[in-house]
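Reading through the structure tokens given below for one structure.
Residue numbers (my numbering), protein chains in the order written: chain V, 1 to 138; chain P, 1001 to 1786.
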């Protein structure tokens, strides 16, 4: 998956609907992000992510739908460190949730708890399990 | 208190500025036996040091003081007035420049710098030994100020000075004042209507009885001295009598000629009979004679009979005490940034053009239409730093206003539903309410892409901006309807010419050099000349206004104080020596000398002190106050006679323009050979052949004459006379056995101070290659001169 580099990105009108959709779902104006990196800096799970939270924000800002293919949005545990620290007042975790929503609405579960072996279930921290599920989505 | 000379010498270390390169202790030890008192000081200009000098002068009864420190342009006045308090006449104070012209320029050669400092100080000592007290006169300055440039800076400064009660002459090159600010529909960060806030000020200018508004005119000549400048202003032929014109616009309506409107950045037309914009001040029409076909329709139509198509330019002469330069900026020519396709692609405009497009009174009536294509635009990309912060293709500095005006224009566009992309390398918002303005622009939906764009590709009606998104580390292509370039702001074309006329230096980017970048930011290097606004460097309107008010205050301060008139006049030593031959009358550039009863009579009021008459006198009957023959020779001898330098070059330097340039070379720490030893002179025309021979006789291997350019130097024609004389001297030197190449003559422009390194090095290398002057020639010269 050519995330972060590769193919030239065309910033045409086509990118606008995705941008607007995320804004609508999250209630957050990602346009306010000025890419300072504070969200990534405080994130406890960056080692496991394929995209840093700030990169996710940037992709949403530009409307790059490929962001939905990233592991990051699932690894995010909604610990809210990022949104406490964001100098532009963006609730980054809300944006992550909106992105998960968009994936889930495609009726696709990245992790199915039923298929996890019991020993792994015992090992995994609860918060990780929660993050695999449909947090805040009822 | 002149009497038998009792000399005190103080040598300053200037912290380490001098002391790190010149062995000050060694210098002091060397001169101690030659004078009554010698001492080194860490900071000579500090209050305790000055008090110490005063006490020592009184305690030891010193009647001559030599101070070796920084350029006399820095602290001479402080020292002189302090020493006057203890009864030392200012003519008995000798300043020796061992910082700008020694330690700072010979950092790599401490031995050479130490020898040079010692020689220069000995020059000062010997000169002081034969100095005589002189009475300086004081004069009031002319209480009028010339302000050049009628933009927001010039307007603000004019109003302040007029409020204070001074007479102001405001000269503007265009038919109306208002400058660039009047072209903007809104200003950041308040989004005030620019025209609404500036127009009342423009009206105040035209209504204020203290302000003499001179539009459609340019300053062509500045002479005189600070406090008493004489200025010539060229009034371009306007074709319309401003007294009669009522601004009805009939002439414009009937005029058949259309040319691009400057006010609209050429995006729309105006007539040859025109007013640049409706609120113009003065509200007077102008005939553009370059475009006018002289059809005469306007003359017929004018109800007031105000038009004269045979109008000619006139020269207006003004006498002012101070001058404020406020000539503002223009944008770097986008045609010189070929990568951005300006001029090639109609979808590319400059930010100033965009200001006009956004104005309801602009070429499109405020509609979001590209006037070059007639098409509406819905997606716009801004390219910031289109030439700024670029040492290779453009200007190395940050233009400071582009980020903010791009944000402003973005907001105006976003409010009307246009999608705005801003391609930037850094968004810089230092300034009150500016970061908030940036946030607001993001809230309104502007999108930012970090990465310098250098490539535009046309695609149908659109144009594709190709660049990197450095956040994603990925190339992006941005198809837009309109690209707005933000080129560097630069000084206007005429600023360099004005700087030469005013004899003020500019920096490497062409902006006017401040007297001190931090502590004296609106004064120039020349007394009585101030500057404000963009001409000093890129800045916003708020800072420009503040600078204009500061410059006005500086002018008030300058004009309130009495000026010192240097006692530097030529005089007849003894009427018996004069036979009334009239050579001096011929030579005097100021027409200050006449012959009465067979003797030369010098008018002190007219004498400028250039010294050109002195070498002209075949009988040696003339001399000069403060720079006597005796003093000059003593200084030459002092510097050269005991010098231990391997190559000895004596450079006579014109003391206003050229000397300032040499100081600037010091300020920039340009390294040049330590063989160069400097004596300041009012003009090179002060020099006799005898002085040059005297220098060679006493050890010089080469002599340099660094003259001011004719139009910049304080003594005008005297700076030309010297060139002719130098040519003659060169041939006469050969007659005395000295090769003519050992005499160098060149003119030094202040803005070209960087070239001095080359000038000094070239001459030094040539003299070093040729070797020292033959000792036998020196002996012979000494015999001839005695």
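For glycine and all other residues, C-beta sits at the position ideal for the given N, C-alpha and C.
- When Cβ pairs closer than 8 angstroms are counted between the two stretches, the segment 1593 to 1611 of chain P is seen to touch the segment 1620 to 1634 of chain P, the count reaching three or more.
- Within the same chain, 1244 come within 8 angstroms of residue 1305/P by CB-CB distance, once the 5 residues on both sides are set aside.
- C-alpha of residue 1455/P to C-alpha of residue 1387/P: approximately 13 angstroms in a straight line.
- Judged by their CB atoms, residue 1301/P and residue 1259/P are not nearer to each other than the 9 angstroms cut-off.
- Contact between residue 1337/P and residue 1487/P holds: their C-beta atoms lie close to 6 angstroms from each other, under 8 angstroms.
- A straight line joining the alpha-carbon of residue 1381/P with that of residue 1396/P spans about 23 angstroms.
- Residue-level contact by beta carbon holds for residue 1469/P and chain V, with a gap shorter than 9 angstroms.
- Taking 9 angstroms as the cut-off, the beta carbon of residue 1424/P is found closer than this to the beta carbon of residue 1385/P.
- At a cut-off of 9 angstroms between beta-carbon atoms, residue 47/V makes no contact with chain P.
- Buried is the label assigned to residue 1370/P, since at least 16 other Cβ atoms lie within 10 Å of its Cβ.
- When DSSP states are grouped into helix, strand and coil, residue 1186/P belongs to the strand group.
- Shown here, residue 1213/P sits in a strand according to DSSP, grouped into three states.
- The beta carbon of residue 1295/P sits closer than 7 angstroms to the beta carbons of 1256 from its chain, once the five residues preceding and following it are set aside; these are given in chain order.
- For residue 55/V, the C-beta contacts it makes with chain P under 8 angstroms involve 1471, 1472, in order along the chain.
- For residue 1736/P, DSSP records no beta bridge to any residue.
- Per DSSP, residue 53/V is one residue of the alpha helix (DSSP H) stretching across 53 to 62.
- Remark: fewer than three beta-carbon pairs, one from each stretch, lie closer than 8 angstroms, so the segment 1655 to 1667 of chain P and the segment 1134 to 1154 of chain P are not flagged as touching.
- In the three-state reduction of the DSSP assignment, residue 1425/P falls in the coil class.
- Ranking 1013/P, 1191/P, 1331/P by CA distance to the CA of residue 1434/P puts 1191/P first.
- The beta carbon of residue 1406/P does not come within 9 angstroms of any beta carbon belonging to chain V, so the residue lies off that interface.
- Look at the segment 1481 to 1559 of chain P and you find these whole runs of alpha helix (DSSP H), each 4 residues long or longer: 1493 to 1502.
- At a cut-off of 9 angstroms, the C-beta of residue 21/V has no neighbouring C-beta in chain P.
- With its beta carbon less than 9 angstroms from one in chain V, residue 1476/P belongs to the interface.
- Check the Cα spacing between residue 1497/P and each of 1390/P, 1250/P, 1750/P, 1421/P: the tightest is with 1750/P.
- Residue 1095/P carries a strand assignment under DSSP once its states are collapsed to helix, strand and coil.
- Under the criterion of beta carbons closer than 8 angstroms, residue 1027/P and residue 1117/P qualify as touching, at roughly 5 angstroms.
- Taking a Cβ-Cβ cut-off of 8 angstroms, the neighbours of residue 35/V in chain P comprise 1450, 1471, given in sequence order.
- The CB of residue 58/V comes closer than 8 angstroms to the CB of 1469, 1471, 1472 in chain P, given here in chain order.
- Within 10 angstroms of the beta-carbon of residue 1246/P lie fewer than 16 other beta-carbons, which makes it exposed.
- Where residue 1702/P is concerned, the enclosing beta strand (DSSP E) starts and stops at 1702 to 1707.
- Residue 1519/P sits exposed, since fewer than 16 C-beta atoms from the chains shown fall within 10 Å of its C-beta.
- Among the CB atoms of chain V, none fall inside 9 angstroms of the CB of residue 1428/P.
- Residue 1327/P places its beta carbon less than 9 angstroms from that of residue 1494/P.
- Under the rule that a run must span 4 or more residues, the alpha helix (DSSP H) segments found entirely inside the segment 1381 to 1457 of chain P read 1402 to 1414, 1434 to 1443.
- Of all residues in the segment 1477 to 1493 of chain P, only 1477, 1478, 1479 come within less than 7 angstroms of chain V when Cβ atoms are compared, listed by chain position.
- In terms of beta-carbon proximity, residue 72/V stays away from the interface with chain P, with every pair separated by 9 angstroms or more.
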